[in-house]
Amino acid sequence: MLHLFLRSLRYRWFEYLLASFVIAVVIATVTVQRSLSASTESQVHSLAHKLGKNMLVVPLKTDLADFYAMHYGHEAMPDTHPDKILKSDLRRQISMAQPRLYGNIEPNGVPLVLVGQQTITRRGAANPFSSSDVTLGETAAERLSLKPSDTMQVNGLELRVEGVTTKPLEGLDVGVFGPLDLAQDTLDRPGEINAMRLAGCWCRVDVPKLASQVEDLLPDAKAMTIAGMIKAQKGTIATAKRYSTVTLAVGVVLIAAIVVVLIASQVRRQIREIGFLLATGASPWFVIAIFITKAGLVGLIGGFVGYYLGSPLTEEVASRLIGLPLHASTDLLGVTLGLSVTISILSASLPAIRAARLDPTAVLREI
């Protein structure tokens, strides 16, 4: 009996593989759709918390998914942009413009993030003097085994550790924080920044309109606000929910159809073996169990592959839709596996029951 089961898997492996692949595609689609609905709200709120009441301005071609994943490219703006804003009519609403330069560094092979910043107010630069002193995030200090007054080499420059902070900027524990010009020298990016924080008293200001005015003043930049992120969030969730039921229904029908066709085909091709089993005293429930087990395996494999295929697809779709690094929820793994396995087993039940009801005498006589 076990031999029949294993032989079927051995000689019909391509059919099982093809069915599992199609189920995986269906599950991947469902995973992407569900992930966008479940993850967008929490992710956007997290980023909004980091942004606070400020406005973030980045180079126009910045990939926001990479930016928030701490992968910084060569996109840049002139470091004169803050001064340009504070000399424009926007200075009535914007009281602070802080230029920053983020960059990936690897001192002693340890991946960290260098952050150069300078606070500029209407009165000018608040920290105009350069120094080689840096402050480390707690995780960065632990990885480098450094303490205050120690030095570190980064791209040929020697930096002195002024202190270690347990509350780093934006919670960036792997950050190395220093003056803007030090970061520019270390990263070999003179006169460049890749982020700028704007703040002011905006209680009675149309913030999205203010962001548009900033972008008009700085054509090579794009401005993001909490209002903009919430708007993108609502649009994405609304779109995802609109197609949620349809996507799920179509997915269920496709998986059911695939399994029914697969198992029905297996029954037709193994009708002689089924008749022999029934004729030699095998229980009809055993015959049913054989085909249900096959269907369950196909659903299980398809569910696993579909979920892990859907994870990178979720990141790509989210990046293109709202420019945010969303990930497939780990909670969906159990849901997708349960969905694919349950549908596969239920769909296989009909052809499996029909196989178990075959008259062994008639089957063997026809053969």
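With this note's numbering applied, the sequence shown corresponds to residues 39 to 405, in that order.
C-beta atoms are modelled at their ideal positions from N, C-alpha and C, and glycine is treated no differently.
- Rounded to the nearest whole angstrom, the C-alpha separation of Ile-326 and Ser-73 is 35 angstroms.
- A direct Cα-Cα distance of roughly 9 angstroms separates Gln-155 from Tyr-140.
- If only complete runs of 3 or more residues are kept, the segment 105-177 shows the beta strand (DSSP E) at 134-143, 150-155 and 171-175, in order along the chain.
- Going by C-alpha positions, Ile-309 is about 9 angstroms away from Leu-396.
- In the DSSP assignment, Leu-236 falls within the beta strand (DSSP E) that extends over 233-237.
- In this structure, Ser-378 places its C-beta atom within 8 angstroms of the C-beta atom of Gly-344.
- When C-alpha distances from Leu-218 are compared across Gly-348, Asp-171, Gly-337 and Val-297, the shortest belongs to Asp-171.
- Counting only residues of its own chain and dropping the five nearest sequence neighbours on each side, Thr-100 has a CB closer than 8 angstroms to the CB of Gly-111, Glu-113, Asn-232 and Lys-260.
- The Cβ atoms of Val-151 and Met-108 lie closer than 8 angstroms to each other.
- A check of alpha carbon separations from Arg-130 across Phe-324, Phe-215, Leu-236 and Val-153 identifies Leu-236 as the nearest.
- Contact between the segment 54-69 and the segment 289-306 is present: three or more C-beta pairs spanning the two stretches fall below 8 angstroms.
- When C-alpha distances from Glu-353 are compared across Ala-66, Leu-56 and Leu-55, the shortest belongs to Ala-66.
- Cα atoms of Gly-147 and Asp-211: separation of roughly 17 angstroms, rounded to the nearest angstrom.
- Secondary structure of Val-63 (DSSP, three-state): helix.
- Judged by beta-carbon spacing, Cys-239 lies beyond the 8 angstroms limit of Ser-126, meaning their Cβ atoms are not closer than that value.
- Thr-285 has its alpha-carbon roughly 28 angstroms from the corresponding atom of Ala-390.
- In the three-state reduction of the DSSP assignment, Pro-97 falls in the strand class, which pools E and B.
- In this structure, the alpha-carbon of Val-192 lies about 49 angstroms from that of Leu-338.
- Around the beta carbon of Leu-98, fewer than 16 other beta carbons sit within 10 angstroms, so the residue counts as exposed.
- When the five nearest sequence neighbours on each side are left out, the beta carbons in the same chain lying within less than 6 angstroms of the beta carbon of Ala-386 are those of Val-297, Ile-301, Phe-329, Ile-330 and Ala-333, in order along the chain.
- Taking C-alpha positions only, Phe-52 is separated from Val-336 by approximately 11 angstroms.
- For Thr-224, no beta strand (DSSP E) run applies; the uninterrupted alpha helix (DSSP H) run containing it begins and ends at 218-224, by DSSP.
- Straight-line spacing of the CA atoms in Glu-253 and Leu-94 works out to 11 angstroms.
- Gly-213 sits in a strand when the DSSP states are folded into three classes.
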